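Under our numbering, the first residue of the sequence shown carries the number 3, and numbering increases by one thereafter.
Built from N, CA and C at the ideal position, the CB exists for glycine as well.
None of these values were measured; they are calculated from a predicted model.
The block underneath contains the structure these notes are about, expressed in structure tokens.
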Amino acid sequence: MVNISFLGGCREVGRSAILVESKSGVKCMLDYGIRFHGDERLPYETNIDNLKAVALTHCHIDHSGALPFLYKTKNIPFFTNSISLAVSEVLIKDMIKISNFNYPFGYRELDSLVQNSIFLKNGNRQKIHDNFFITFINAGHIPGSVSILIEVDNKKILYSGDINLQTTNLTNSANSRNIPEIDTLIIESTYALKQHPPREKLEKEFVEKIFNITDNGGKVLIPAFGVARSQEAMLILEKYNYDGTIFIDGLARKISMLYLNYPDFIKNIDLFKKALKKTQFVSKAKIRANIKNKNGVIISPSGMLKGGNAIDYIQSILPDPFSAVYLVGYQVEGTPGRKLLDNGIFEFKESRRNRKNSFDLNIEARCEYDYFDFSSHSDNIQIHNYIKGLDFRENSNRDIFCIHGDNKSTTYLASELANKNYNSVAPETGEVYQV
Ligand SMILES: [Zn+2]
Ligand SMILES: [Zn+2]
Numbered sequence: 003m004v005n006i007s008f009l010g011g012c013r014e015v016g017r018s019a020i021l022v023e024s025k026s027g028v029k030c031m032l033d034y035g036i037r038f039h040g041d042e043r044l045p046y047e048t049n050i051d052n053l054k055a056v057a058l059t060h061c062h063i064d065h066s067g068a069l070p071f072l073y074k075t076k077n078i079p080f081f082t083n084s085i086s087l088a089v090s091e092v093l094i095k096d097m098i099k100i101s102n103f104n105y106p107f108g109y110r111e112l113d114s115l116v117q118n119s120i121f122l123k124n125g126n127r128q129k130i131h132d133n134f135f136i137t138f139i140n141a142g143h144i145p146g147s148v149s150i151l152i153e154v155d156n157k158k159i160l161y162s163g164d165i166n167l168q169t170t171n172l173t174n175s176a177n178s179r180n181i182p183e184i185d186t187l188i189i190e191s192t193y194a195l196k197q198h199p200p201r202e203k204l205e206k207e208f209v210e211k212i213f214n215i216t217d218n219g220g221k222v223l224i225p226a227f228g229v230a231r232s233q234e235a236m237l238i239l240e241k242y243n244y245d246g247t248i249f250i251d252g253l254a255r256k257i258s259m260l261y262l263n264y265p266d267f268i269k270n271i272d273l274f275k276k277a278l279k280k281t282q283f284v285s286k287a288k289i290r291a292n293i294k295n296k297n298g299v300i301i302s303p304s305g306m307l308k309g310g311n312a313i314d315y316i317q318s319i320l321p322d323p324f325s326a327v328y329l330v331g332y333q334v335e336g337t338p339g340r341k342l343l344d345n346g347i348f349e350f351k352e353s354r355r356n357r358k359n360s361f362d363l364n365i366e367a368r369c370e371y372d373y374f375d376f377s378s379h380s381d382n383i384q385i386h387n388y389i390k391g392l393d394f395r396e397n398s399n400r401d402i403f404c405i406h407g408d409n410k411s412t413t414y415l416a417s418e419l420a421n422k423n424y425n426s427v428a429p430e431t432g433e434v435y436q437v
């Protein structure tokens with residue numbers, strides 16, 4: 003029997019962490035992320051004696067953010083790939099700094115994580131102990147993202163991580179058809195209740211609208227997450243030969259430069275380089291202030307307008323009926339981005355020690371604003387297609403665990419799959435299952 007402990011990411015998006023334990027007590031941790039809000043930021047506490055390996059699906063901090071905690075006192079092999087490690091390092095450092103060193107780990111533990119890293123190529127079966135192997139498989143979510151196949155005591159468990167079945171301009175899509183037969187599946191459910199619009203049509207609409215605004219002298223602010231989404235927006239503009247000026251700011255700038263060092267993980271590195279060459283990097287407040295009077299596209303975090311340099315730009319764009327704010331990622335309830343879409347009002351409060359940099363904004367949008375669903379997760383149909391493409395072993399229980407989604411999404415997916423004769427469940431945090 004193999005034990006699977008669900009330590010987070012259950013009926014929520016945040017602090018993804020799964021512990022797999024063989025019958026002889028050897029343990030492997032899959033992801034170890036943080037939760038963005040609330041008190042319990044770290045995964046559910048459990049006994050990690052005999053932890054022999056840690057493996058990461060991708061750099062997003064809901065999967066990677068708490069990893070340094072596992073390296074407080076121990077040296078454990080950390081399986082990842084070069085791009086995921088490099089981006090994780092940037093994001094975790096940022097996270098520690100922004101929190102004002104409020105996590106039970108710091109730069110020293112992050113350094114220990116990096117020291118223990120071992121790069122794994124997709125498709126290479128890696129032994130972590132007797133009768134215990136892991137294999138990385140492309141997940142299509144962001145550059146470097148993988149699903150993990152775990153082979154332990156003759157059981158084959160597939161952990162999807164975050165998966166995308168639609169091809170984007172930055173990464174090749176996930177494909178479940180070449181995955182060997184499995185016994186158990188652990189799958190993400192983020193958009194199990196949604197259907198994405200056709201990608202090509204959406205891209206065209208997006209670019210057309212941008213052309214319209216900038217041709218008429220306006221500015222377009224694209225608040226986007228600095229990892230992958232900003233670069234995807236940049237690539238879409240390049241694909242449709244956008245010839246206006248594009249400014250890139252903040253983390254989006256940093257990650258774009260970093261991606262250049264990992265060409266093997268970028269779908270079309272030549273297109274990426276071409277796109278990047280045409281953009282202008284914004285790194286100083288003075289340049290930022292100048293851009294406010296210029297015409298063009300500004301790509302800047304944060305994606306939900308919760309902070310970052312996007313706040314600087316948006317103040318001059320909101321009152322201008324010739325300009326626009328185009329959101330390109332999902333807007334969580336209660337965030338300034340969501341409120342703007344729902345009510346047409348931008349509210350943002352942030353108090354800083356230096357009062358000059360504090361914000362208390364309540365601005366009615368006279369500019370255009372819209373949301374484009376450039377998701378990097380699979381929707382309901384794609385999740386079902388992914389599962390349809392998998393083969394379960396003849397004598398398996400056809401166990402499927404639905405995680406990484408809110409209560410409604412995970413339980414809905416589990417019930418849909420139960421109707422298709424799978425043994426499916428949406429586990430709760432702290433639960434342990436034997437498979
Ligand atoms: Zn992710
Ligand atoms: Zn995630």
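Per DSSP, phenylalanine 38 lies in no beta strand (DSSP E) segment and is marked neither H nor E. Uninterrupted alpha helix (DSSP H) stretches at least 4 residues long and entirely within the segment 91-168 occur at 109-117, given in chain order. Within the same chain, Cβ atoms closer than 6 angstroms to the Cβ of tyrosine 435 are found at Ile6, the five residues on either side in sequence being excluded. At a threshold of 6 angstroms, aspartate 251 does not count as near ligand 1, since its beta carbon sits no closer than that to any of the ligand's heavy atoms. Below 8 angstroms, enough C-beta pairs join the segment 130-138 and the segment 152-167 to call them touching: three or more.
Taking C-alpha positions only, alanine 230 is separated from isoleucine 257 by approximately 8 angstroms. Annotated three-state conformation of asparagine 83 is coil, per DSSP. At the C-beta level, glycine 146 and phenylalanine 267 come within 7 angstroms of one another. Secondary-structure assignment with DSSP links glutamine 282 through a beta bridge to Phe249. In this structure the segment 322-332 lies against the segment 224-242, because at least three pairs of beta carbons, one per stretch, are closer than 8 angstroms. Following the DSSP letters along the chain, one finds valine 209 inside the alpha helix (DSSP H) bounded by residues 201-217.
Per DSSP, the beta-bridge partners of isoleucine 405 are Glu190. Counting only the Cα atoms, alanine 55 lies some 10 angstroms from lysine 129. Counting of Cβ neighbours within 10 angstroms places glutamate 210 among the exposed residues, the total staying below 16. Using a Cβ-Cβ distance cut-off of 8 angstroms, the segment 99-110 and the segment 289-296 are not in contact, since fewer than three pairs of beta carbons, one from each stretch, lie closer than that value. Taking the CA atoms as reference points, glycine 298 sits about 35 angstroms from asparagine 102.
Within the chosen limit of 6 angstroms, ligand 1 does not reach the beta carbon of aspartate 33 with any heavy atom.
Straight across, the Cα-Cα distance linking glycine 309 with glutamate 366 is about 18 angstroms.
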